[in-house]
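Enquirer: Numbering-wise (the numbering used here), the sequence shown opens with residue 849 and increments by one.
Cβ coordinates follow ideal geometry from the N, Cα and C atoms, glycine included.
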Amino acid sequence: MSMNASPDFEVFLPSEVDSKSLGTKLARILRPGDVIALYGELGAGKTTLARGLIQSLLGDETEVPSPTYTLVQTYELPECSLWHFDLYRVNTPSELFELGFEDALQDIAIIEWPDHAGDLLPSDRLSLRILFEGSSRRAVLSSQNAEWVKRLDEHFDRSGPKR
Ligand SMILES: Nc1ncnc2c1ncn2[C@@H]1O[C@H](COP(=O)(O)OP(=O)(O)OP(=O)(O)O)[C@@H](O)[C@H]1O
Ligand SMILES: [Mg+2]
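#1: Alpha carbon to alpha carbon, how far is L935 from Y917?
#2: Would you kindly work out how many angstroms separate the C-alpha atoms of D951 and G966, rounded to a whole number?
#3: Taking the straight line between their C-alpha atoms, what separation do you get for V938 and H1003?
#4: Is it right to say G881 is buried, meaning 16 or more other beta carbons lie within 10 angstroms of its own, or is it exposed?
#5: Heavy atom of ligand 2 less than 6 Å from the Cβ of S914, yes or no?
#6: Provide the residue span of the alpha helix (DSSP H) that contains E864, from first to last.
#7: If we call anything under 7 Å between Cβ atoms a contact, is F857 one with R986?
#8: If contacts are defined as beta-carbon pairs under 8 Å, then D972 and Q992 qualify, I think. What distance do you get, rounded to the angstrom?
#9: Under 6 Å from any heavy atom of ligand 2, does the C-beta of K894 make it?
#10: DSSP state of F945, grouped into three classes?
#11: Would you give the residue range spanned by the beta strand (DSSP E) that Q921 belongs to?
In structure tokens:
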């Protein structure tokens, strides 16, 4: 790792409950203005993690449907709204504006398929990549935002040497 690269943090996710637990853990350190970009292939567990995060804030009985067709679902928290996007079907910035994407960035935004936001994706986001590992998953967290790196350092393990 070069001196300038920001570190990655890793969490092994053996099963679905662990993906939800990672969501719970992130929920505890979330603040208004945070943007979490959830990267990962189809079926990686992005919605599962978002569900764990949202249910830990609003109760396990809260329905957290995948925003596959609605593109966004919003939830009301005491301090701000939480926006859960699935941008898989979004291909132009104008569609994003119609969804309220810019307002969402002032609140809390959890974004599946974040690469579809192109330049509108803020660089101070938390990036969370979910990788397949056999029938399990591994999450890799990183950020260019020093403040996020500080938070990650306090709550997560840095990844070891690359294999
Ligand atoms: N850590 C894990 N280990 C094994 N299976 C998991 C894990 N996390 C989630 N899953 C399973 O992966 C499947 C897909 O999950 P999910 O719908 O959350 O994926 P997604 O990344 O949101 O997919 P999409 O790209 O279609 O939105 C579900 O059956 C879920 O139970
Ligand atoms: Mg999904």
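Expert: From the atom records:
#1: 10 Å
#2: 17 Å
#3: 33 Å
#4: exposed
#5: yes
#6: 864-877
#7: no
#8: 7 Å
#9: yes
#10: helix
#11: 920-924
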